[in-house]
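Written out below as structure tokens is the structure these notes cover.
Protein chains in written order, with the numbering used here: chain A, 16 to 379; chain B, 113 to 503; chain C, 2 to 381.
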């Protein structure tokens, strides 16, 4: 392997892919970045077996080849190089020399053979969709993904591809966020997959700008490509629970609420909750929504919002974080709050595309 | 600071509650307790029945011999519990420092409320009147500077009276009373004291601490202090329950799985009802089983989500029984305990399986109300019908 | 290698091959049997068979990428958990961010689809060292295993596992092989001479792994030394114990050394944030603790065998029944010097000592006590 490339470009690419490299990996080679020199291009690949990331940049390749190098160390070197162009030459399977001006670095790595292969998705059909809505879908749902490993199907974002749209659903069993975007789903692409948390977070990172993203779905893995970067995610086993079941068919009360007002009130009232008593009370009165908290040995807080409500007075308790999570990730000025009573789930809707179901806290 | 303690005790509580529902029982000797075949013991006796020498914990058979014209009623615990809840809601209005002793009895720490409520006697009268007016029941209240003297005072005030032992007069008030009027002095201790020549509290006061300690050890010291009307035990509201359990010993050891299962079901149902009235749900259920040879086995299981619903418990119980009952041997005792209770505030899960738990919650709430009104046997699960018919 | 090359475990290997061939794989297997008979080896090669790209004759090809990766331990779908840290346990791990090698991390991994193979294979070495809550967490996985998952629990102490775990696994029994078969393997595959092969197969109680380990550590000579010293009778006792202890400590130092190299080779040293070094030190120390304990037990076990032989010789005079590594003459001479009653007493005491050792008593104290007792009874 021998090539010449722009330092800034390779540095940026490495910064992109190194985020998933763990210093405590099970296999030592997972701390390394795979560097492959092909026709006039250089590809950097990392993986932690859960997520793989690959970025290709231009390079003047005089001799093709591949090697793996310690990612963090290579990053440190590239950061410090005082030049804009450099050459890399592999002297054998596990050693590379970086040259610039009259100076050089000789870096030891490991041969590429032990690097876990990333699946090849080129043969698969791609779904092309604009990045922006996809990134919004992720922003509006990712926080609801469960972190409890005992129900592994919930440890990811459920993406459903159906005619004309992509639906994203995430739940930790106590609240559920659902977001739908329009998409040109090719025929035969219909299916549901569960993308693990880490991959979802990385995906959120690589989606930026107005261009299109490409989605490939394989049997065990899925790939997402955008801005020259490809993310390969290992999918979660099993079937996502039937989320339609938890969406209340109809609610007694529908209220239009100013999103930012409710968000700010919730945040403030939540200041007087504690770990043992982590709930705020939402009380509906005539034309008023009262958010309040009352925690023994801490104190109480109360905020009132003017709304339009004519029904009977009643209260429901929520984990304030659940409300905040959803409200802060939405954009609309007004949201719809749907409530029935203190036992039944509450619903937040924003536009036609977003739905959020929260199980109230039971207070005895 | 001198404390102000009330001891409130309802008069013939179970009987009085029965009379609310059956006014024609008024003025008649009534006994509550036991079952229709007159086994078991007296749980509560009306003052009319007490005149015949009937008292609580006496075998029903004996009570019947003492007073054949007496009216014997079975217990309706749910009624008593409901009425009791109502009572405590009233008491809570007067002080948060409330220590229930049973369904019908409580200590109230009223210290420092004088400026709000006025003199103690007036406050006690207000409590007394409020209970009488809203519930139609009579009560007795003892007032003193501590729990011990207040309790003795209410016993003396009974029925339907209020007695205030003024601060500084505790010792003189107790002096003429028999030793066994001190709660905790039973027949056994009283007998020993009689041998020491002590029949009244005054005798205890004169015997002195030294001699009482040499005769009774640590209990002696307590006895002396009690006799002097001293007690600094604070009024302590009940601790949070850690578990809810019921067990039953069979009258004859059982080998019939169906019978055993149905017994467990009814214990479990009782527990679920107790959980619901506590407003708590349990994550863990433990089954206890004692074989005829007294070897005891327990097996536990954790629910996917904390529950207080009979229907969810019923699903788990048969399996639990199979796990526990592995020997082909008769069973003499069965017990069910629910533990790992949810906090007063807890976050339930969304139900993805469409089990519609909320529906069942409302159903059971309704059932609880009916059972409370018409007794346990008003609604039975199919599997329990035969048992009742056969008993 | 592949399953066909595993020696002396025809029953176990046959069962696994059959369940693969007939497509009747269990979700979980429990490999149980004595130490050093090939349970881990079989597990690794079973994993190869399960994921082999081109299996032949009902066994793995051992040449495809999958087989090679499993052999090297770099297969992404092979999840191997072993006891860790000074406590020598398989931990449950932190709730949100479990470390690699913990049961929580394992559960997250098997919750995902396979990376490249057909099956995710989870292997638990010394499964009896699963921390209690780790075992309950694993139980949940066994109750509802994610698709494409096969779990192999390995233990020499199945009785120390939760019965609920055992009942959810298909048990696969591994046994020590007859000494004669082991002898044959030792002389053919490891080119030992007849005397050495016989000695070693007897010493290792038919456990090939132990025999090979002993071979690597030149244990044969060590143990015959021990027997020789024991044969000297009373005067030899102290030396008998002091010498192996010294040898043991020395060989442990060697083992720790080689372990350090092993880690270095795996490339763990290239990060210099200090963390890995500490972890390695910990692992080495933990290994040394575990290994020392094993050797201590073996040493007492050998004493037991020795006294047993004295009894056997007294009663039968048949050389073929002797188990210890000593020469016939030595046994005969020692047996002459010690009455049956005293020998039985000595056996009792060694057994007591073994028990205290298992209860974590200090080895030196236990051995001193033991020898003082045996010598005192000799003088009576």
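Ideal Cβ placement from N, Cα and C applies to all residues, glycine included. These numbers were taken from a predicted model, which means no experiment stands behind them.
message: Which same chain residues end up closer than 7 Å to residue 159 (chain B) when comparing Cβ atoms and leaving out the 5 residues on each side of it in sequence?
response: To locate residue 159 (chain B), count along the second chain from 1; it is residue 47. If we look at residue 159 (chain B) and ignore the five residues flanking it on each side, its Cβ neighbours are 124, 271.
Interface residues of chain B facing residue 378 (chain A) [CB-CB closer than 8 Å]: The count along the first chain starts at 1 and reaches residue 378 (chain A) at position 363. Near residue 378 (chain A) (Cβ distances below 8 Å), the residues of chain B are 456, 457.
- prompt: Any beta-carbon of chain A closer than 8 Å to the one on residue 501 (chain B)?
  reply: Numbered from 1 along the second chain, position 389 holds the residue referred to as residue 501 (chain B). With a pLDDT of only 41 at residue 501 (chain B), under the threshold of 50, the placement of this residue in the model should not be trusted, and no figure is reported.
- prompt: Interface residues of chain C around residue 129 (chain A) at Cβ under 9 Å?
  reply: What you label residue 129 (chain A) is simply residue 114 of the first chain in a count that begins at 1. Chain C residues near residue 129 (chain A): 70, 73, 75.
Residues within the stretch 247 to 272 of chain A neighbouring chain B, beta-carbon criterion of under 8 Å: If the cut-off is 8 Å between Cβ atoms, the stretch 247 to 272 of chain A has 256, 257, 258, 260, 261 near chain B.
query: Of the residues B:214, B:378, B:249, B:223, which one's Cα is nearest the Cα of residue 113 (chain B)?
result: Here residue 113 (chain B) is taken as the residue at index 1 of the second chain, counted from 1. Of B:214, B:378, B:249, B:223, the residue nearest in Cα terms is B:223.
query: Just how far apart, CA to CA, sit residue 113 (chain C) and residue 133 (chain A)?
result: The residue given as residue 113 (chain C) occupies position 112 in the third chain. The residue given as residue 133 (chain A) occupies position 118 in the first chain. So the two alpha carbons sit approximately 16 Å from each other.
query: I think residue 71 (chain A) touches residue 83 (chain A), with their Cβ atoms under 8 Å apart; what is that distance to the nearest whole Å?
result: Counted from its first residue, the first chain places residue 71 (chain A) at position 56. Counted from its first residue, the first chain places residue 83 (chain A) at position 68. Not a contact, Cβ separation roughly 17 Å.
- prompt: residue 49 (chain C) touches chain A at which residues, Cβ-Cβ below 7 Å?
  reply: Taking the third chain and counting its residues from 1, the one referred to as residue 49 (chain C) is at position 48. Result: empty, since nearest Cβ-Cβ is about 17 Å, beyond 7 Å.
query: Helix, strand or coil: which one does DSSP assign to residue 117 (chain C)?
result: Counted from its first residue, the third chain places residue 117 (chain C) at position 116. The answer is coil: DSSP assigns residue 117 (chain C) none of H, G, I, E or B.
message: Here's the rule: buried if 16 or more other CB atoms are within 10 angstroms of the residue's CB, otherwise exposed. What is residue 127 (chain B)?
response: Here the question's residue 127 (chain B) lines up with position 15 in the second chain. Buried is the call here.
query: Taking buried to mean at least 16 other C-beta atoms within 10 Å of its own C-beta, is residue 220 (chain C) buried or exposed?
result: Within the third chain, residue 220 (chain C) is the residue found at index 219, counting from 1. For residue 220 (chain C), the predicted structure reports a pLDDT of 46, less than 50, and the residue's modelled location is therefore unreliable. The matter cannot be settled from this model.
- prompt: In whole angstroms, what separates the C-alpha of residue 227 (chain B) from that of residue 235 (chain B)?
  reply: The residue labelled residue 227 (chain B) in the question sits at position 115 within the second chain. The residue labelled residue 235 (chain B) in the question sits at position 123 within the second chain. About 11 Å.
- prompt: Is the stretch 372 to 387 of chain B touching the stretch 417 to 436 of chain B, taking contact as three or more C-beta pairs under 8 Å?
  reply: yes
query: Between residue 374 (chain A) and chain B, is there a C-beta pair that is closer than 8 Å?
result: Start at 1 with the first residue of the first chain, and residue 374 (chain A) comes out as number 359. So, interface residue.
- prompt: So, does the CB of residue 278 (chain C) fall closer than 8 Å to a CB anywhere in chain A?
  reply: If you number the third chain from 1, residue 278 (chain C) lands on position 277. Bear in mind that a pLDDT of 48 at residue 278 (chain C), under 50, signals an unreliable position, so the model cannot answer this.
message: Buried or exposed, going by whether 16 or more other CB atoms sit within 10 Å of the CB of residue 192 (chain C)?
response: The residue given as residue 192 (chain C) occupies position 191 in the third chain. Classification for residue 192 (chain C): exposed.
Interface residues of the stretch 117 to 131 of chain C facing chain A [CB-CB below 8 Å]: 117
7 Å CB neighbourhood of residue 21 (chain A) in its chain, flanking five on each side removed: On the first chain, residue 21 (chain A) is found 6 positions in, with the first residue counted as 1. So the qualifying residues of the chain are 99, 100.
- request: Just list the beta strand (DSSP E) runs in the stretch 42 to 102 of chain C, keeping only unbroken ones of 3 residues or longer that don't cross its boundaries, in chain order.
  value: Fully enclosed beta strand (DSSP E) runs of 3 or longer: 79 to 82.
Proximal residues, the stretch 109 to 141 of chain A versus chain C, C-beta separation under 7 Å: Against chain C - using a Cβ distance shorter than 7 Å - the residues of the stretch 109 to 141 of chain A are 125, 129, 131, 132.
- request: Give the interface partners of residue 149 (chain C) over in chain A, defined as CB-CB distance under 8 Å, in chain order.
  value: Counting from one through the third chain, the residue named residue 149 (chain C) turns up at place 148. Those are 252, listed as they occur along chain A.
- prompt: Going along the chain, which residues of its own chain have a beta-carbon closer than 6 Å to the beta-carbon of residue 156 (chain C), five neighbours each way excluded?
  reply: As a working mapping, residue 156 (chain C) is identified with position 155 in the third chain. If the five residues before and after residue 156 (chain C) are omitted, its C-beta is found closer than 6 Å to the C-beta atoms of 33, 128, 129, all from its own chain and listed in chain order.
message: Is there a C-beta anywhere in chain C that falls below 8 Å from the one on residue 211 (chain A)?
response: Mapped onto the first chain, residue 211 (chain A) falls at position 196. It does: the Cβ of residue 211 (chain A) has a partner Cβ on chain C nearer than 8 Å.
field: Contacting residues, own chain, Cβ-Cβ under 7 Å from residue 132 (chain C) (five flanking each side not counted)
entry: Start at 1 with the first residue of the third chain, and residue 132 (chain C) comes out as number 131. The beta carbon of residue 132 (chain C) sits closer than 7 Å to the beta carbons of 90, 91, 92, 93 from its chain, once the five residues preceding and following it are set aside; these are given in chain order.
query: Using a C-beta cutoff of 8 Å, does residue 383 (chain B) count as contacting chain A?
result: Start at 1 with the first residue of the second chain, and residue 383 (chain B) comes out as number 271. Not an interface residue.
Residues near residue 553 (chain B) by beta carbon distance below 6 Å, same chain, minus five either side: An answer regarding residue 553 (chain B) cannot be provided, because it is not within the stretch 113 to 503 covered by chain B.
query: residue 130 (chain C) lies in the beta strand (DSSP E); which residues open and close that run?
result: Reading the third chain from its first residue, position 129 is the one you call residue 130 (chain C). No beta strand (DSSP E) contains residue 130 (chain C), which DSSP labels as neither H nor E.
message: Just to make sure I have the definition right: I need the residues of chain A whose C-beta is within less than 8 Å of the C-beta of residue 103 (chain C). Which are they?
response: Start at 1 with the first residue of the third chain, and residue 103 (chain C) comes out as number 102. Near residue 103 (chain C) there are no residues of chain A at all, since even the closest Cβ is about 10 Å away, more than 8 Å.
- prompt: How is residue 167 (chain A) classed by DSSP in three states: helix, strand or coil?
  reply: The residue labelled residue 167 (chain A) in the question sits at position 152 within the first chain. Residue 167 (chain A) falls in the helix class under three-state DSSP.
- prompt: If you check the beta carbons only, do residue 277 (chain A) and residue 316 (chain A) fall under 8 Å apart?
  reply: Here residue 277 (chain A) corresponds to residue number 262 of the first chain, with the count starting at 1. Here residue 316 (chain A) corresponds to residue number 301 of the first chain, with the count starting at 1. Going by C-beta atoms, residue 277 (chain A) is not nearer than 8 Å to residue 316 (chain A).
- request: Would you check if the distance between the CB atom of residue 199 (chain C) and the CB atom of residue 176 (chain C) is smaller than 8 Å?
  value: Taking the first residue of the third chain as position 1, residue 199 (chain C) is located at position 198. Taking the first residue of the third chain as position 1, residue 176 (chain C) is located at position 175. For the pair residue 199 (chain C) and residue 176 (chain C), the CB atoms are not nearer than the 8 Å cut-off.
field: Exposure of residue 88 (chain C), with buried meaning 16 or more beta-carbon neighbours within 10 Å
entry: Position 87 of the third chain holds residue 88 (chain C). Exposed: under 16 other Cβ atoms inside 10 Å.
query: Does the count of Cβ pairs from the stretch 169 to 178 of chain A and the stretch 207 to 214 of chain A closer than 8 Å reach three?
result: yes
Any non-hydrogen atom of the ligand GTP closer than 7 Å to residue 187 (chain C) Cβ: Here there are no bound small molecules, and the ligand GTP is not part of this structure.
query: Whose Cβ in chain B lies nearer than 9 Å to the Cβ of residue 330 (chain A)?
result: In the first chain, counting from the first residue as 1, residue 330 (chain A) sits at position 315. Near residue 330 (chain A) there are no residues of chain B at all, since even the closest Cβ is about 13 Å away, more than 9 Å.
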